[in-house]
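Notes follow the structure.
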Amino acid sequence: MTRRQAIKTTALASAAFATLPGAIAQTNSTAPAATPSGPFTLPPLPYAYDALEPHIDTQTMHLHHDKHHAAYVANLNKAWEQMPWGGPPPTFTYLVENWLKDPKFLSENVTIRNNGGGHYNHSLFWQMMKKNGGGEPTGDLAKAMNANFGSFSTFKDNFTKTALGQFGSGWAWLVWDGGQLKIEPTPNQDSPVSQIASILDGGLQFQIPLLGLDVWEHAYYLKYQNKRADYIAAWWNVVNWDFVAERYSKLKA
Ligand code: MN
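Position 235, counted from 1, in the sequence shown is what the numbering used here calls 262; the numbers after and before it change by one each time, with no gaps.
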């Protein structure tokens with residue numbers, strides 16, 4: 028990897044909000060009741076709360092976004108307030124580049140690891156889904172998936188197995204890892220962006236999340252109860268492959 032590519036991947040990792048301005052314009056959702064105060068803010072859903080019905084139900088989207096994601100943001104703000112801090116308030120990019128990519132910092136600041144990771148992961152997760160999503164990727168992303176996994180159906184099977192196999196709370200991810208596409212689980216709110224990529228050339232590289240699936244029970248329990256497999260099967264119908272392909276194309280460019 029060249030330094031220029033490294034800079035690009037760094038920018039992409041922290042660009043979770045990159046598509047939000049356009050997305051906000053499309054939304055007819057109302058702002059959540061409680062907006063956590065502090066430097067970190069809860070982004071609105073890029074679509075209406077009922078947009079992912081029947082696969083992801085409206086009530087779950089309200090609870091997941093307005094309560095769970097909001098709590099990560101609120102707790103992150105509280106953790107920041109308690110830090111000795113001499114500079115300007117941290118930005119979302121600062122969170123990703125200076126906190127989530129620093130293993131020592133994360134090991135010493137578990138509240139930020141959990142809530143900062145939760146804020147980052149969910150900020151991406153909303154954009155990784157859309158109304159009338161699903162299907163299969165096309166173009167360069169499809170080619171890369173065929174090269175890395177053999178076929179889309181093999182990828183889908185393996186990703187599903189990873190999501191099913193995550194014991195307890197966590198995520199399944201499609202990640203860019205030093206030029207390869209890989210499927211990785213993370214526990215709790217750990218993020219791939221905190222994982223050092225396997226190919227190191229000219230400095231530290233971190234994985235870049237391209238697609239993630241939240242398998243915390245809060246993501247599915249209201250509609251699917253304990254049937255995580257049914258939730259995963261339904262979720263494939265709302266995957267926003269355009270968003271995933273856009274992230275991948277920025278890595279390739
Ligand atoms: Mn969640």
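For glycine and all other residues, C-beta sits at the position ideal for the given N, C-alpha and C.
Keep in mind that this is a model prediction, so the values were computed, not measured.
{"Item": "Beta carbon proximity, Ile-210 to chain C, threshold 8 Å", "Value": "Reference to chain C is not applicable here, since this structure consists of a single protein chain."}
{"Item": "Simplified DSSP state of Met-110, which is helix, strand or coil", "Value": "coil"}
{"Item": "Nearest-angstrom Cα separation, counted from Pro-214 out to Arg-274", "Value": "23 Å"}
{"Item": "Distance between Asp-217 and Asn-148 (C-alpha atoms, nearest Å)", "Value": "8 Å"}
{"Item": "Cβ contact (3+ pairs, closer than 8 Å) linking the stretch 159-173 and the stretch 101-117", "Value": "no"}
{"Item": "Candidates Trp-200, Leu-103, Ala-98: closest to Phe-152 by CA position", "Value": "Trp-200"}
{"Item": "Start-to-end residues for the beta strand (DSSP E) that takes in Ile-282", "Value": "Residue 282 is absent from the model: the chain starts at 28 and stops at 280."}
{"Item": "Boundaries (first-last residue) of the alpha helix (DSSP H) holding Asp-269", "Value": "268-279"}
{"Item": "Which residues DSSP lists as bridging Asp-204, in chain order", "Value": "Gln-207"}
{"Item": "Check: Asp-241 C-beta below 7 Å from any heavy atom of the ligand MN", "Value": "yes"}
{"Item": "Boundaries (first-last residue) of the alpha helix (DSSP H) holding Gly-143", "Value": "137-154"}
{"Item": "Beta-carbon proximity list for Leu-249, same chain, < 8 Å, skipping 5 on both sides", "Value": "Asp-84, Gln-86, Thr-87, Leu-90"}
{"Item": "Buried/exposed call for Asn-125, threshold 16 Cβ in 10 Å", "Value": "exposed"}
{"Item": "Residue closest to Gly-160, alpha-carbon to alpha-carbon, out of Lys-277, Ala-261, Leu-39, Ser-276", "Value": "Ala-261"}
{"Item": "beta-carbon His-245 near the ligand MN non-hydrogen atom, thresh 7 Å", "Value": "yes"}
{"Item": "Straight-line Cα distance separating Asp-184 from Glu-163", "Value": "13 Å"}
{"Item": "Distance cut-off 7 Å: His-95 Cβ against heavy atoms of the ligand MN", "Value": "yes"}
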